[in-house]
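Read the structure below first, then the notes.
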Amino acid sequence: MEHEFERRRLFLGGGPVWHSTWPPGRVEPNRRIYDYELVYFANGSGRIITGERVYECSTGSAIIIPPGLVHCTVGVPQLERWCIHFDWFGDCGAHRDNPKAEDVFVYNDDPAPYREELAAKDPELPGVSFPVFRETVPQEILLFLRRYFLPESKGVGGMLMRQGVLMQILGLVLRGEEPEAAQTPESGKLFFKAKNLIDARYLDGGLRVAGVAAEFQITANHLTKLFHAALGMSVMDYIQTRRVDYSRKLLLESNLTVREVAFASGFNDPNYFTRFFQQKTGMTPSRFRREWEIRFDGNEA
1 MEHEFERRRL FLGGGPVWHS TWPPGRVEPN RRIYDYELVY FANGSGRIIT
51 GERVYECSTG SAIIIPPGLV HCTVGVPQLE RWCIHFDWFG DCGAHRDNPK
101 AEDVFVYNDD PAPYREELAA KDPELPGVSF PVFRETVPQE ILLFLRRYFL
151 PESKGVGGML MRQGVLMQIL GLVLRGEEPE AAQTPESGKL FFKAKNLIDA
201 RYLDGGLRVA GVAAEFQITA NHLTKLFHAA LGMSVMDYIQ TRRVDYSRKL
251 LLESNLTVRE VAFASGFNDP NYFTRFFQQK TGMTPSRFRR EWEIRFDGNE
301 A
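Per UniProt numbering: the sequence shown = residues 1 to 301.
The following block contains the structure:
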């Protein structure tokens, strides 16, 4: 196996990158990606949840997530992350065919299905299985991350230097020891399946906690306890939070009225939508739209 690997030619392909701070309690919708994603936790803590395992991450932790794995990230306090999407051979179909950064992942509510043919190839690294998780990696990784996030130099030389930096980053992660990730108990697997269902159907105004619970033959109270344990919020709070996130997008990207946005986002009562939106964002939907329009006009000037 090692001999076969040595004969292969790794040519790392770069995808989109992010360096961002999450507010406390943010929950990512369940999703799958087409490439590999390296996530470094520079500050704060959180967890990455799959159907089989929970990875508890804190300052200094890193994980490499493979294509096709359904997962989500949960922020506990405020969270600072560095994220690099890449593939091992420079031939990921999603990088080649999709010009937009958001096209490297597919959420459960996306109308387009996940296309296996666009996924990056498995590098079949000796002794390595994905996801790769490290509780702590050397702090020098931040130096290489900052360097990698600089604007890319033009020409072959710039491309090779960028490849070298990415190899340094991956080397720091892969040379560490793999801790035993917590096996997800049956209750956690049930939670993840329920979250999967909600992430696909949260825009349905008829979606109810009791209905979701019935899908898995448990009580609504039991399901609420599972969500509180995993996310620190109730099932309905999670559903409504997903709806508010979607409504923000409609307020910014469409000409729908606030009333129309409420119904399109799964709320059956526009007045309740306005109150809940204000509770979550600190402003009414109308003010939210107005402030972004003013900010956009100011940037255009």
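Ideal Cβ positions, reconstructed from N, Cα and C, are used throughout, including at glycine.
Item	Value
Gly53 versus Ile65, Arg96, Gln163, Ala264, residue with shortest Cα-Cα distance	Residue identity differs from the one stated: residue 53 is Arg in this sequence, not Gly. Selected option, being the one with the closest Cα: Ile65.
Within 8 Å, strictly: CB atoms of Pro29 and Tyr107	yes
C-beta contact flag for Cys57 and Ile49 at 8 Å	no
Span separating the alpha-carbon of Ala214 from that of Gly158	56 Å
Whether Arg242 touches Tyr272 by CB criterion (8 Å)	no
Residues sharing a beta bridge with Ala62, DSSP	Tyr40, Arg134
Under the three-state DSSP convention, the category Arg115 falls into	coil
Nearest-angstrom Cβ-Cβ length linking Arg26 and Gly93, presumed shorter than 8 Å	So it is not a contact: roughly 30 Å between Cβ atoms.
Residue ranges of each alpha helix (DSSP H) within the UniProt domain "HTH araC/xylS-type" (192–291), 4 or longer	209–215, 220–231, 235–253, 258–264, 270–281
First through last residue of the beta strand (DSSP E) which encompasses Gly164	Premise fails: Gly164 lies in the alpha helix (DSSP H), 155–174, not in any beta strand (DSSP E).
Gln168 and Phe144 closer than 8 Å at C-beta	yes
Cβ-Cβ distance between Val137 and Val173 below 8 Å	yes
Bridge-paired residues (DSSP) for Glu56	Arg47
Counted within 10 angstroms of its Cβ, other Cβ atoms place Leu160 as buried (16 or more) or exposed	exposed
Gly171 burial status per 10 Å Cβ neighbour count (16 or more: buried)	exposed
Whole-angstrom distance between Glu37 and residue 308, CA atom to CA atom	The structure shown does not extend to residue 308, since the chain is modelled only from 1 through 301, so no value can be given for it.
Distance between Ser265 and Glu293 (C-alpha atoms, nearest Å)	21 Å
The segment 244–259 contacting the segment 206–221, beta-carbon criterion three pairs below 8 Å	no
Exposure of residue 306, with buried meaning 16 or more beta-carbon neighbours within 10 Å	The chain is shown only over 1 to 301; residue 306 falls outside these bounds and no answer can be derived.
Residue range of the unbroken alpha helix (DSSP H) whose run includes Phe144	141–148
Pairwise C-alpha distance: Pro126 and Glu291	53 Å
C-beta atoms of Phe288 and Leu251 nearer than 8 Å	yes
DSSP three-state assignment for Arg7, whether helix, strand or coil	In this prediction, Arg7 has a pLDDT of 43, which is less than 50 and means its spatial position is unreliable; what the coordinates show is noted afterwards. Looking at Arg7 - three-state DSSP - the assignment turns out to be helix.
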